[in-house]
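Worksheet: one structure, shown below.
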Amino acid sequence: MTSATSGATAGTDGSNVDSADNQQGSVAVALLRITLGVILLVTWWGNIGDDFYSGDGIEGFLSWLFTPEEEGGNGSSLSFVGDLLDATIVPISGVAGFAQMVMEGLAGLALLVGGATRLASLWAMGFFFLLFVSYFGGGEWIWTYVLLFMAALTVFLGWGGRQLGLDQAISRAKGSSPAGLIW
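The letter at position 141 of the sequence shown is residue 146 when you use our numbering, and the numbering goes up by one with no holes.
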């Protein structure tokens, strides 16, 4: 039953569930979310086929990123990013590659089906930002990562899982997740 003054709906346990909370999101943002999921999963699948997520694959990619263009690399100019990646990722490249494979696949799947959408879109924002700074100043057209970051931000802010996704059913049944960060 909806109260005319509060906009609240009685939940299955008798508590009030804010109807605006259950209606957040739009079909347009959901379509953007689904597109991001497809992009991540297609890239993930290609990377699996290319053995990118192995220790050697990760190390080779990081080496290519910061090798000058005239030597066949990307020529990224933010050397402090290269130094940070060399210090943190290269020593554990096998574990980092496996973690990247799992996280990229899970985030892509979550965005595709609309489950844990807000959490997955936060992860995607971090991932696309890291790609932007890693490619910065090199031969790669970095603005793709800005567009992908903004798409993930739009999904996060637009509650993209609340339409055409699992998060919609979860929010109807349980209300908002803690701090609104999962669904």
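Cβ coordinates follow ideal geometry from the N, Cα and C atoms, glycine included.
Predicted, not measured: the structure shown is a model, and the values here were computed from it.
Check                                                                                                                       : Outcome
Alpha carbon of GLN105 to alpha carbon of VAL95, nearest angstrom                                                           : 13 Å
Own chain partners of LEU158 with C-beta closer than 8 Å, once the 5 adjacent residues on each side are dropped             : SER126, MET130
Span separating the alpha-carbon of PHE85 from that of GLY42                                                                : 30 Å
Complete alpha helix (DSSP H) runs within the region 18-101 (minimum length 4 residues, chain order)                        : 24-28, 32-54, 60-71, 84-93
Cα-Cα separation, LEU153 to PHE132                                                                                          : 10 Å
Terminal residues of the alpha helix (DSSP H) in which GLN173 lies                                                          : 171-179
Rounded Cβ spacing between GLY45 and LEU116 (contact assumed at less than 8 Å)                                              : Position check: residue 45 holds Leu in this sequence, whereas Gly was assumed. Going by Cβ atoms, the distance from LEU45 to LEU116 rounds to 7 Å, so yes, they are a contact pair.
C-beta atoms of VAL151 and LEU83 nearer than 8 Å                                                                            : no
Burial state of GLY119 (16 or more Cβ within 10 Å)                                                                          : buried
Exposed unless 16 or more other CB atoms sit within 10 angstroms - verdict on GLU109                                        : buried
Classification of VAL36 by the beta-carbon crowding that lies within 10 angstroms, buried from 16 upward                    : The amino acid occupying residue 36 in the given sequence is Leu; Val does not appear at that position. With fewer than 16 other Cβ atoms within 10 Å, it is exposed.
Range covered by the alpha helix (DSSP H) that runs through SER182                                                          : Run containing SER182: none; DSSP gives neither H nor E here.
Spatial neighbours of GLY78 in its chain, beta-carbon cut-off 6 Å, leaving aside the 5 residues before and after            : TRP69, THR72
Contact set for GLY80: own chain, Cβ-Cβ below 6 Å, skip 5 residues either direction                                         : PRO73, GLU74, GLY143, GLY144
Beta-carbon spacing of ASP172, THR122 below 8 Å                                                                             : yes
Beta-carbon contacts of ASP56 that lie in its chain and below 8 Å, excluding the five residues immediately before and after : GLY62
Alpha-carbon to alpha-carbon, LEU169 and GLY30                                                                              : 9 Å
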